[in-house]
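In this text, residue positions in the sequence shown follow this note's numbering: the first is 3, and each later residue adds one.
The beta-carbon is built from N, C-alpha and C at its ideal position, and this holds for glycine as well.
The structure displayed is predicted, hence computed values, not measured ones.
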Amino acid sequence: MPMPVPLLEVVNLSVAFPGAPGAVSEVSFAIEPGEALGLVGESGSGKSLTSLGIMRLLPPQASVSGSIRFRGDDLGMLPAEEIRRIRGRRISMVFQEPMTALNPAMRAGDQVAEAVRAHFDLAKREAWERALQAMRDVRFPEDRARDYPHQLSGGQRQRVMIAMAIVNHPDLLIADEPTTALDVTVQAQILELLAELRQRFSLAMLFISHDLALVSQVADRVAVMLKGRIVETAPVRDLFAHPRHPYTRGLLECVPTMHTDRTRPLPTGWKPS
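Right under this line is the structure:
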């Protein structure tokens, strides 16, 4: 019997730029249908570049090698038109800065409806109804759907971004630091929302963060990135209980506890990325 094909399989993905040859180096991981993988590392470790490589959104000067397979199809070999059909329909992304990711000249609901009409030939009214349903799904106040982004709070803007990402019921959601710009209370609400949406829609998720504590609330497995490479991958509970790589142990030591000795240096000896 043939082995089941992962939903997403990244094999030896490398990304280089002029003057930065090892921005991402031989990164490999797989995500099964319905699974959540956390990708963790410091700023500059290559997490966001990895997600942009999956989405084929890297700038022209980027040199990319390796393979990215989605449901068995090599995304690197598909024409641009086919990638546009996949992007936003079967693979969606929530970007890390809700304050600037939305179009300031468009009403919130119109931006969600635009994501629908980009993939379906629907009348404006029907697209608007789908947009409203997605906004209900993310618990966005329906009476604010005609507001502009500057009239919304940071948490409301992020809910609009998530509504845009889920409105077409994708198979895979990439969440790139989706709570970084939000206060702690709103962070908790967004994490709860993502977990609820994942269960309701059987979403697979790539959750990118520098915060292991956040990832532990969302992910089934964790991959730790250092200097463009994945240095450790493990189920989330195993990683927290028995970290193998010294860099992983260092990241865990950065999570404060009531009993942390703040005068003790970190045990890694690894330079920041």
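Burial state of residue i (16 or more Cβ within 10 Å)
i    : result
A136 : buried
L59  : exposed
F72  : buried
P6   : exposed
S65  : exposed
R132 : buried
A215 : exposed
G55  : buried
G230 : buried
R127 : exposed
A22  : exposed
Residue j beta carbon less than 7 Å from that of residue i
i    : j    : result
M163 : V114 : no
L10  : L174 : yes
F203 : V220 : no
Q98  : D178 : yes
S53  : I232 : no
E37  : A206 : yes
L51  : V26  : yes
L199 : I168 : yes
M227 : S47  : yes
Three-state class that DSSP yields for residue i in the structure shown
i    : result
R86  : helix
A235 : Inspection of the sequence shows that residue 235 is occupied by Thr rather than by Ala. Three-state result, T235: strand.
L154 : coil
S218 : helix
M166 : helix
R138 : helix
M227 : strand
A120 : coil
G68  : strand
L174 : strand
P277 : An answer regarding residue 277 cannot be provided, because it is not within the stretch 3 to 275 covered by the chain.
L184 : coil
E131 : helix
P8   : coil
P100 : helix
S50  : helix
A107 : coil
A125 : coil
D112 : helix
Whole-number beta carbon distance between residue j and residue i, since they are thought to touch under 8 Å
i    : j    : result
Q160 : P180 : 6 Å
V238 : D213 : Rounded, the Cβ-Cβ distance is 13 Å, inconsistent with contact.
L134 : G111 : 7 Å
V217 : V42  : 5 Å
D149 : R109 : 7 Å
N170 : G68  : With 8 Å as the limit, N170 and G68 do not qualify as a contact, their Cβ atoms being about 27 Å apart.
H244 : E234 : Incorrect: roughly 11 Å between the Cβ atoms, too far for contact.
Spatial distance of residue i from residue j (CA atoms)
i    : j    : result
Q201 : V224 : 19 Å
E255 : I70  : 33 Å
A32  : P61  : 24 Å
A82  : S211 : 29 Å
A120 : M95  : 15 Å
S275 : L104 : Unreliable placement is indicated for S275, whose pLDDT of 48 sits below 50; the coordinate value is still reported in the next sentence. Answer to the nearest angstrom: the Cα atoms are 30 Å apart.
A18  : A129 : 40 Å
H152 : P106 : 7 Å
S251 : P35  : Strictly speaking, residue 251 in this sequence is Arg, with Ser absent from that position. Approximately 29 Å between the Cα atoms of the pair.
R141 : P172 : 19 Å
P20  : Q63  : 8 Å
A190 : G24  : 34 Å
G74  : F122 : 24 Å
D1   : L80  : Because the chain spans 3 through 275 in this model, residue 1 falls outside it and cannot be assessed.
P8   : Y249 : 28 Å
E84  : R92  : 11 Å
D240 : L253 : 15 Å
Distance cut-off 6 Å: residue i Cβ against heavy atoms of the ligand NAD
i    : result
Q201 : As presented, the structure is devoid of all ligands, the ligand NAD included, so that no description of it is given.
Neighbour flag for residue i against chain D, beta carbons, 7 Å
i    : result
T187 : This model lacks chain D altogether, as it is built from one protein chain only.
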